[in-house]
Structures are given as structure tokens and as C-alpha cells.
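Below is one structure, written out as C-alpha cells, with a few remarks after it.
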Amino acid sequence: MSSIGSRLSAVMGRIRDVVYQVDEKINTSTFGRIFRLRGCGHEDEIQDATFSREFRAGLTTFATMSYIIAVNAHILADTGANCVCKNQTDLGLCSNETEYLICQNEVRRDLVTATAAVAGFSSILFGFLTNLPVALAPGMGLNAYFTYQVVGVRGTGSIPYGLALTAVFVEGFIFILLAITGMRHWLVKIVPGTLKTASGVGIGLFLTLVGMSYGNGIGLVTGSVSTPLTIGGCPPEDLYRGECPNNIMQSHKMWLGIFGGLLTAWLMAFRVKSAIIIGIAIVSILSWPRNTSLTYFPHTDEGDSRFEFFRKIADFHPIQHTLGAQEWDLSGGNGAKFAIAVFTFLYVDIIDCTATLYSMARFCNKVDEKDGDFPRSTLAYCTDAACISFGSLLGCSPVTVFVESGAGIAEGGRTGLTAIITGICFLVSIFFAPIFASIPPWATGCTLILVGCLMIRQVVAVNWGYIGDALPSFVTICFIPFSYSVAYGLIAGIFVYTVINSLIWIVMFVSGGELEPWEYNRKEYWTWKPAGRKPWLFRVFTKGQYWAEERLHLKKDGSDVRSIQRQSATESEEKPLEDRFSAASVSMPPRAALL
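Per the UniProt record's numbering, the sequence shown starts with residue 1, numbered consecutively.
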């Protein structure tokens with residue numbers, strides 16, 4: 001046994017040496033300099049970023065996101081796309097039409113290809129342009145709204161499928177306009193810092209709830225008639241109207257998922273690299289044999305369909321029905337419905353994506369505490385917007401930043417290389433979709449719970465010392481998981497923040513500052529004119545300084561640019577104002593806080 005152990009140790013040592021050598025070569029190359037990997041020689045190199053770590057992080061993000069390939073296709077296919085149902089007033093008759101069902105199955109296969117292609121292209125583009133370890137894909141929640149409220153099941157909603165895609169396409173260009181003019185940037189920065197931190201905590205709880213649920217998790221909790229949530233864990237076949245009437249905590253699949261989560265946590269405790277990937281892979285492999293209680297392919301119509309798709313292993317399905325399916329005819333009363341759809345997509349997506357992107361940037365320590373911004377933010381918003389329009393061309397609902405990117409960040413992802421690896425995996429999955437679409441939800445459920453555990457640590461940065469900051473933050477944290485929406489959670493927090501602090505301001509104004517709330521000196525400073533650089537468009541047309549800095553950037557790789565910025569910041573008359581944003585909680589006289 002000792003000889004086997006020594007041999008294994010020697011093999012692992014050689015593997016580590018090879019990985020180290022590969023890291024050194026790539027990190028110090030031009031490729032490594034582009035992504036600021038450790039040892040690249042760039043002034044802004046990231047000390048804990050290596051090629052191997054970014055590679056593992058990209059695989060981890062993909063493993064936790066891969067469910068979107070099948071789930072998004074399944075949800076969007078309920079619209080029927082451009083399939084024609086002869087009996088649209090009777091959904092039961094439509095479900096019995098052979099031609100319609102064949103067309104709907106083809107649409108589902110189209111959307112598998114489209115989802116993988118959109119996620120792959122968007123993640124690669126976003127990672128390369130922004131150097132952030134954040135992946136993009138058609139968003140959950142937005143796809144459900146697109147399907148069940150805008151288009152409707154089998155096209156029975158307010159507007160047809162093609163017109164809804166046009167609304168998504170237009171929304172993307174409006175996003176680009178908002179990003180370039182600085183409006184989206186400004187909307188992000190005026191959100192109080194404590195609420196932005198709270199949104200990250202809420203997303204962590206949201207991921208935990210998703211990981212515990214049946215749809216995309218281990219099935220530990222479920223709904224109930226008497227309470228919103230209750231203990232679950234019964235086999236899926238025992239579910240009755242989404243509730244477990246009996247056999248609670250007896251699901252073998254749930255216990256397999258828990259085993260995978262504990263295994264991953266145990267490996268993480270010993271700092272085993274790729275711990276998350278190992279846990280997901282082991283649970284998935286154990287779930288593939290058919291004749292077991294753990295199988296992802298039971299002997300049912302749905303299980304048989306999954307298994308037949310899984311057996312293909314390598315299969316490419318060209319997009320036939322959803323490619324370029326936009327419609328531009330706004331006649332017949334569709335104009336008003338189209339405008340409502342665009343506006344709804346716009347405000348939900350801007351809040352959802354913006355809050356998630358900020359939380360992910362903060363999670364990987366990219367946020368500048370001085371002005372609450374992160375590098376290349378304008379470019380990040382524009383890229384996200386362009387990907388929304390691109391996704392609509394392939395027939396998908398709005399693309400957004402995925403909170404599952406936190407899994408890759410937890411695995412060590414720090415640069416855009418993580419997102420690029422994730423995107424490459426999605427593009428490869430176009431040809432191996434049967435395998436990647438067969439990762440069961442209980443394999444990734446505990447991974448989401450672990451990521452939630454890591455993200456909730458930000459709760460200590462919330463300003464709990466003043467009720468005007470603490471209560472809105474608490475509402476945000478709670479409402480994100482309970483409403484199952486990042487956007488609605490942040491809206492609730494902003495509403496409470498506005499009402500409470502407006503009432504407090506009125507009392508202080510009327511009393512001339514004599515009546516002051518308890519611990520008001522611990523209030524986090526806020527202004528509608530946040531500090532920081534002006535939007536990109538304004539800098540381009542301001543005294544030519546922007547282009548001078550860009551020329552220096554091209555010549556000296558940015559080192560002189562940062563020297564100029566530091567010098568100008570030192571000489572700026574607004575420096576004292578910027579200093580007021582350097583901490584999450586700032587003590588100041590009551591009257592100063594009202595300025």
C-alpha cells in the first residue's frame with residue numbers, strides 16, 4: 001500500500017509540475033498580459049489569477065449553468081414559436097394535433113442549439129471585452145415572462161412570438177443608448193451602496209433557495225397549501241400539486257445530491273482544486289444508469305425522451321424555425337402591446353442584470369470602493385445589451401448575467417478568461433448537447449447552496465447601524481429569494497429606502513435639524529450626483545484629454561494613463577467630495593448629510 005501511495009504521490013507531483021510550467025508560460029505571454037494574469041508584468045496584474053485556475057473556474061461556471069440549455073428550450077418551446085395550431089381557443093385540442101406537436105418538438109431542438117450558441121457567443125464576447133469572470137445566457141424568469149405572459153402558451157398571449165422577439169431586439173439597442181449616454185451607469189451609482197451590498201446577499205439566498213427546490217435543485221423544500229414553503233424530499237412521483245403528502249425526506253436523488261454537496265465541501269476544506277466540478281461529475285455519472293432509483297432517465301415518456309437524446313452523445317441540430325423570426329407589423333392594435341412589452345423587458349432586465357453584474361463584480365473584488373464602480377463598466381453594459389439583440393435573432397428571450405457565475409468565482413475565477421472558457425464549453429455543447437443537457441438538477445443543487453454560503457458573507461458590509469439603511473437592506477435581502485426575482489427585490493428595497501429617508505428628511509427640515517433620528521451620524525452618505533468619472537461619451541468630447549490618454553495607453557500599455565489619472569485626481573478640487581465615498585459607512589454632522 002505504501003508503494004502505491006508513493007507512486008500516486010509521484011504522479012500527482014509530476015502533474016502539478018506540468019500545470020505549473022504551463023501556467024508560467026501562459027501567464028507571462030502576451031495572452032496572459034491581455035487578461036492580467038499573475039506574472040504578466042502588467043501594472044494591474046491580478047496576483048491570484050492563473051491560467052489553470054481560470055480554466056477550472058470556467059468549467060465550474062459551465063457545469064452550474066448547463067441546465068439552461070434544456071430548461072430554456074423547454075420553457076420557450078411552450079410558445080409554439082411559429083408553429084400553427086388550428087384550435088387556438090382549445091389548448092387541449094392543440095396538444096392532440098400531430099403536426100403541431102412535431103413542429104413544437106422541432107422548435108425545442110432549435111432552441112437547444114440557439115440557447116447554447118447565444119450563451120457561448122455572449123460569454124466569450126463579454127469575457128474578452130470586459131475581463132470579468134461573468135457568463136451570460138438567456139435569463140431564467142425573463143424567459144418565463146416572455147413565454148407565459150407576453151406570447152402565451154401556444155401563442156395565446158397578447159402579441160405573437162415574432163413580435164415579442166422584435167421587442168427584445170429593440171430593447172437591446174435602447175440598452176446600448178442608455179449605457180453610452182451614461183444613464184445606465186448613473187442608475188447603478190445612485191442606488192445606495194448598502195442596497196447594492198444587500199442585493200449580493202439576497203442573490204446568495206436566492207441561489208440557496210434554487211438549490212433546495214425541485215426544479216433546479218435537490219428537492220429539499222417545496223410548496224404547501226398552508227405555508228409558502230415546507231420540507232420536501234419525497235420522490236418526484238409522490239408530488240401532489242407541488243407538495244409532498246408523504247414519504248418526506250425519502251428521495252434517493254435528494255440524498256445523492258446532499259452527498260455530492262458534502263463531498264464538495266469536504267474537498268474544499270482541504271483546498272482540493274476542481275472540488276465543485278468533481279462533485280457535479282460524480283453525482284451526474286451515478287444518475288445516468290437507467291435501472292436505479294437514482295436515474296435521471298426513468299421509464300416514463302419524459303425519461304425515455306431524455307434517454308433517447310442522451311444516447312445520441314454527439315448531435316447537431318440546425319436552427320429551422322426560430323432563426324430570424326422577428327415580425328415588424330405593428331398594425332391591428334399590436335403597437336401599444338409591443339410598447340408595453342419593450343418597456344417591461346427594459347425595466348426588469350436593467351434592474352436584474354445591473355444588480356447581478358454589480359454583485360458578481362463585488363464578489364470577485366473588482367469594485368472600486370472610492371466611487372462604487374468596476375473596470376470597463378460602460379463596455380460591460382454595452383456588451384450585455386448587444387448580446388440581448390443578438391439572442392433575439394436566434395429566437396431567444398433576453399440575455400442576462402447569470403448568478404451561477406458566482407460558482408466559478410468561488411472556484412478562483414478572476415478574469416474574463418473564466419467567461420471565455422465557459423463560452424467555449426457552451427459552443428462545444430452545441431455538438432454534445434445530449435451529454436450537457438443530461439446533468440440532473442440534484443447534481444448542481446448543492447453547488448448553488450455552497451455558492452450562496454460564500455456570497456452571504458457580504459452581509460457584514462451592510463450598514464446595520466442606522467435604521468434608514470438597515471431596514472431597506474433587510475427588505476432587499478428577504479424579498480429577492482421570496483419573490484424569486486432579483487429585480488423585484490431591489491425595487492422593494494429602493495421603495496422602502498425612499499419612503500423612510502424622505503420622511504426623516506422632512507422632519508429634520510421642518511425642525512431645523514433639532515429633531516434627529518437615533519444614530520443618524522452612522523447614516524451612509526448618499527447623493528443623486530455620485531462621484532467618479534463621467535460617462536464614456538462625455539469623456540470623448542471633453543477637451544481631447546480622452547484621446548490623449550488613449551494614445552498613451554496604446555504606447556505604454558496604460559501605465560502612463562493611470563499616472564495621469566492619479567495626478568489629476570490629486571490636483572482636483574473635488575477630491576474631498578470623493579473621499580466621502582471611500583467607506584461603506586461614513587460618520588458626518590447631520591446638516592452635512594443633507595447637502
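All residues carry an ideal CB built from backbone N, CA and C; glycine is no exception.
Note that the structure is a prediction, hence the values are computed from the model and not measured.
For a test of the three-state rule: what should DSSP assign to residue i, helix, strand or coil?
| i | result |
| --- | --- |
| L37 | coil |
| T222 | strand |
| Q567 | Residue confidence is low: Q567 scores 45 on pLDDT, short of 50, so the model does not pin down where it sits. Its coordinate-derived value is still stated next. In this structure, Q567 counts as helix in the three-state DSSP scheme. |
| F316 | coil |
| F297 | coil |
| F431 | coil |
| T447 | helix |
| E243 | strand |
| D48 | coil |
| I409 | helix |
| D78 | coil |
| D373 | strand |
| T28 | coil |
| D384 | helix |
| T230 | strand |
| D352 | helix |
| D329 | coil |
With residue i as the anchor, note down where its beta strand (DSSP E) starts and where it stops.
| i | result |
| --- | --- |
| L136 | 136-138 |
| V399 | 399-401 |
Can you find the residues in the same chain that come closer than 6 angstroms, C-beta to C-beta, to residue i, ignoring five residues on each side of it along the sequence?
| i | result |
| --- | --- |
| E514 | none |
| G172 | A385, I388, S389 |
| T64 | E404, A407, T444, T447 |
| V348 | A487 |
| H317 | R109, T113 |
| T570 | In this prediction, T570 has a pLDDT of 42, which is less than 50 and means its spatial position is unreliable; what the coordinates show is noted afterwards. No residues qualify anywhere along the chain. |
Could you name the residues of the same chain whose beta carbon sits closer than 7 angstroms to that of residue i, not counting the 5 residues immediately before and after it, in chain order?
| i | result |
| --- | --- |
| L163 | E327, N334, F338 |
| N27 | L37, R38, G39, C40, T50, F51 |
| L178 | R184 |
Determine the direct distance from the alpha carbon of residue j to that of residue i, and round the result to whole angstroms.
| i | j | result |
| --- | --- | --- |
| E404 | I420 | 15 angstroms |
| I190 | I494 | 11 angstroms |
| K25 | N131 | 20 angstroms |
| G406 | M360 | 6 angstroms |
| D110 | T181 | 36 angstroms |
| D301 | N105 | 14 angstroms |
| V342 | V170 | 7 angstroms |
| Y67 | R184 | 30 angstroms |
| S3 | D23 | 30 angstroms |
| V19 | A410 | 20 angstroms |
| R376 | N501 | 32 angstroms |
| W442 | L209 | 13 angstroms |
| F126 | I69 | 19 angstroms |
| R14 | S6 | 12 angstroms |
| Q250 | Q320 | 43 angstroms |
| Y148 | F62 | 27 angstroms |
Which first and last residues belong to the alpha helix (DSSP H) in which residue i is found?
| i | result |
| --- | --- |
| E106 | 98-130 |
| G303 | 301-311 |
| E404 | Element bounds for E404: n/a, residue is neither H nor E. |
| Y525 | Unbroken run through Y525: none, as it is neither H nor E. |
| I494 | 486-510 |
| K253 | 252-269 |
| Y214 | Element bounds for Y214: n/a, residue is neither H nor E. |
| L471 | 467-483 |
| I280 | 275-286 |
| residue 602 | Residue numbering for the chain in the displayed model covers 1 to 595; residue 602 lies beyond these limits and cannot be assessed. |
| I190 | 183-190 |
| V272 | Run containing V272: none; DSSP gives neither H nor E here. |
Are the Cβ atoms of residue i and residue j separated by less than 8 angstroms?
| i | j | result |
| --- | --- | --- |
| G423 | I34 | no |
| I280 | T447 | yes |
| G155 | G217 | no |
| E519 | Y466 | yes |
| L195 | S473 | yes |
| S392 | L165 | yes |
| S199 | G468 | no |
| V399 | T356 | no |
| residue 669 | T476 | Residue 669 lies beyond the range of the chain shown here (1 to 595); nothing can be said about it. |
Quick one: residues in its chain with C-beta nearer than 8 angstroms to the C-beta of residue i, no 5 flanking neighbours on either side, listed in chain order?
| i | result |
| --- | --- |
| L294 | H252, K253, L256, L286, S287 |
| residue 607 | The requested residue 607 does not occur in the structure, where the chain is confined to residues 1 to 595. |
| N72 | L111, T115, A137, P138, M140, N143, C396, S397 |
| C364 | L132, P133, I409, G413, R414 |
| D48 | R38, G412, R414 |
| I282 | G260, L263 |
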